[in-house]
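In this note's numbering, the protein residues as written are 25 to 428.
For glycine and all other residues, C-beta sits at the position ideal for the given N, C-alpha and C.
Bear in mind the structure is a predicted one, so any value in this text is a computation, not a measurement.
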Amino acid sequence: MGLVLALLVATLVGALWALATRGARARRERRHEEAFERVVEDLGLVRSNPRAAHGQAGPHRLEIEHHPAWGGDRDDVRTRIRLWGHDLPDGLSLRAMHLLALEERVPTGDAAFDTSVHLSGLSPPEVSARFDCRTRELVQRAIGLGATYTRRTWLLDLPGTLGPDHELVPIVRLLARCADYLGERRDLPRALLARAVRDPLPSVRTVAAHRLISSTTAGDLERDEAVLDRLGSHPDPMVRLAVAQLGGPRGIRLRRELLRHERADVRAGAAVELAALTLPGADPELERALIELLDQGGADVVRALGRVGTAPSVLPLQGVQAAALPLTELSRASTEALRAIRARLVGERGTLSVPELLGGELADATNPLRAGRVALAPAEGGGARSHRAEQRDARPRFATPSSR
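Right, here's the structure in full:
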């Protein structure tokens, strides 16, 4: 009797639970349907079927559908938003950043954006041109919600039922604004310039300036003095150095200014470029700057000093040569630089003293032994005479039959 009673109670409880569950499910579905209907009305969409609606979000085509999640409980409703952008860049791909992403991403210079959004499919100049601060902010918000963009389509899946306070309409409008900004037609050089001089983040300005100068459109800027003047006063010294590479008097002036910059890599870049435009011995200031940079400038600085250096450069270069590991680029560069400087000194004077070979200061002419001088003083007729030449002249001469 007790067992029968227990079974009856269990059956009754199960039936009541089923009724309650069915009622709760019906209420959720009704609330979801009411919320979905409000979304359809607010966005001005047309119902395609009981679970989907379509229409326009500005110039963009929009479709929203809701259905049970794949392979899950049928109570778990999932809402999918598709927005086909009008006149959006072809090839662009946007999604959340993953450690195992295979495609190479294109950075914007905005660290927060670049670490959360995987951007690919556009050239670096076009990325800087299209992704201004407002576009980066909106796209980062959309990607943070789980949206992806590929093949000119925004796609977002939202789990759960739609309640009366669900922000589906603002989400759709967010995706539409992202599409609006990404679809704006922009003049590439002007957009890059705007990013280089007006973006609130210095890192973005620097990246955009480098891309502006190095892009295929940079040749047009050579005729735009106002643009070059603005870039020439850019706060990032590497941008000014890049502007200097366009040449002309402006380039020389910028490099001269950067020779006195506090950063060694900036000074080295300016000095190496100036050395390519300077005759040997014509610029003592440049030579001194290169000598000071020998310890940290690498083989490029050594080669530059070999192009413009004179006698004072020999001893510092010998120090670099002695410290460099054999058969390394630095060792080869220092050897070639020393050879070039010595060849010029021999060609100019016809002889080299020991101090000149070693690169030391010229010793006091009154004490040639202390100075280690080998070359003799110039003869009265002008011109230096080497020790070997004096020995050759001092050999005894014998009269020949023809001379008698």
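Residue nearest to residue i in terms of C-alpha spacing, selected from the options
{"i": "Leu182", "options": "Ala153, Asp289, Val63, Gly170", "result": "Gly170"}
{"i": "Glu309", "options": "Val326, Pro131, Gly330, Leu283", "result": "Leu283"}
{"i": "Glu128", "options": "Gly343, Gly145, His234", "result": "Gly145"}
{"i": "Gly133", "options": "Arg327, Glu249, Glu89, Asp223", "result": "Asp223"}
{"i": "Leu236", "options": "Ser152, Leu206, Val332, Glu360", "result": "Ser152"}
{"i": "Pro304", "options": "Ala266, Gly343, Gly371", "result": "Gly371"}
{"i": "Pro261", "options": "Asp253, Arg201, Leu278, Pro273", "result": "Leu278"}
{"i": "Met121", "options": "Thr172, Asp66, Val63", "result": "Thr172"}
{"i": "Gly109", "options": "Glu191, Gln342, Val196, Ala30", "result": "Val196"}
{"i": "Pro259", "options": "Leu341, Val228, Pro113", "result": "Val228"}
{"i": "Asp66", "options": "Gln345, Glu191, Gln342, Gly333", "result": "Glu191"}
{"i": "Leu301", "options": "Pro273, Ala81, Val64", "result": "Pro273"}
{"i": "Arg368", "options": "Glu249, Thr334, Ser257", "result": "Thr334"}
8 Å CB neighbourhood of residue i in its chain, flanking five on each side removed
{"i": "Ala288", "result": "Leu317, Gln320, Gly321"}
{"i": "Arg165", "result": "Leu198"}
{"i": "Ser140", "result": "Ala120, Met121, Gln164, Ile167, Gly168"}
{"i": "Val332", "result": "Ala299, Thr302, Leu303, Pro304, Gly305, Ala306, Asp307, Leu310, Glu311, Leu314"}
{"i": "His285", "result": "Pro261, Arg291, Ala294"}
{"i": "Gly68", "result": "Gly79, Gln80"}
{"i": "Gly26", "result": "none"}
Alpha carbon of residue i to alpha carbon of residue j, nearest angstrom
{"i": "Ala313", "j": "Pro149", "result": "34 Å"}
{"i": "Leu216", "j": "His91", "result": "44 Å"}
{"i": "Thr35", "j": "Glu57", "result": "32 Å"}
{"i": "Thr177", "j": "Arg55", "result": "29 Å"}
{"i": "Asn73", "j": "Arg104", "result": "14 Å"}
{"i": "Arg291", "j": "Ile365", "result": "22 Å"}
{"i": "Leu143", "j": "Arg154", "result": "12 Å"}
{"i": "Arg280", "j": "Leu116", "result": "42 Å"}
{"i": "Leu225", "j": "Leu265", "result": "20 Å"}
{"i": "Glu161", "j": "Asp111", "result": "21 Å"}
{"i": "Pro336", "j": "Gly293", "result": "22 Å"}
{"i": "Leu349", "j": "Ser355", "result": "6 Å"}
{"i": "Ala347", "j": "Asp324", "result": "16 Å"}
{"i": "Glu208", "j": "Leu179", "result": "20 Å"}
{"i": "Arg201", "j": "Gly271", "result": "42 Å"}
{"i": "Asp253", "j": "Ala81", "result": "42 Å"}
{"i": "Ala343", "j": "Val326", "result": "For the sequence presented, residue 343 should be read as Gly rather than Ala. Between Gly343 and Val326, the C-alpha separation is close to 11 Å."}
{"i": "Leu32", "j": "Arg62", "result": "45 Å"}
{"i": "Val64", "j": "Ala30", "result": "50 Å"}
{"i": "Ala220", "j": "Arg102", "result": "43 Å"}
{"i": "Asp114", "j": "Glu353", "result": "44 Å"}
{"i": "Glu249", "j": "Gln345", "result": "44 Å"}
Classification of residue i by the beta-carbon crowding that lies within 10 angstroms, buried from 16 upward
{"i": "Glu429", "result": "Outside the displayed range of the chain (25 to 428) lies residue 429, so it cannot be described from this structure."}
{"i": "Ala203", "result": "buried"}
{"i": "Arg158", "result": "exposed"}
{"i": "Asp211", "result": "exposed"}
{"i": "Val193", "result": "exposed"}
{"i": "Glu311", "result": "buried"}
{"i": "Ala59", "result": "buried"}
{"i": "Ser358", "result": "buried"}
{"i": "Ser239", "result": "buried"}
{"i": "Gly184", "result": "exposed"}
{"i": "Ala136", "result": "exposed"}
{"i": "Leu351", "result": "exposed"}
{"i": "Arg214", "result": "exposed"}
{"i": "Asp502", "result": "No answer is possible for residue 502: the residues shown for the chain start at 25 and end at 428."}
{"i": "Leu206", "result": "buried"}
{"i": "Leu341", "result": "buried"}
{"i": "Leu118", "result": "buried"}
Same chain, Cβ closer than 6 Å to residue i, neighbours up to 5 away in sequence not counted
{"i": "Gly275", "result": "Ala268"}
{"i": "Glu87", "result": "His78, Arg106"}
{"i": "Ala76", "result": "Glu89"}
{"i": "Pro131", "result": "Asp138"}
{"i": "Arg175", "result": "none"}
{"i": "Arg85", "result": "Trp108"}
{"i": "Pro83", "result": "His110"}
{"i": "Ser257", "result": "none"}
Contacting residues, own chain, Cβ-Cβ under 7 Å from residue i (five flanking each side not counted)
{"i": "Val263", "result": "Thr230, Ala233, His234, Leu255"}
{"i": "Gly330", "result": "Glu360, Ala361, Ala364, Ile365"}
{"i": "Val70", "result": "Ala77, His78, Gly79"}
{"i": "Ala328", "result": "Ala295, Val296, Ala299, Leu314"}
Residue i CB to nearest heavy atom of the ligand GDP below 6 Å
{"i": "Leu310", "result": "What this structure holds is no ligand at all, so the ligand GDP is not there to describe."}
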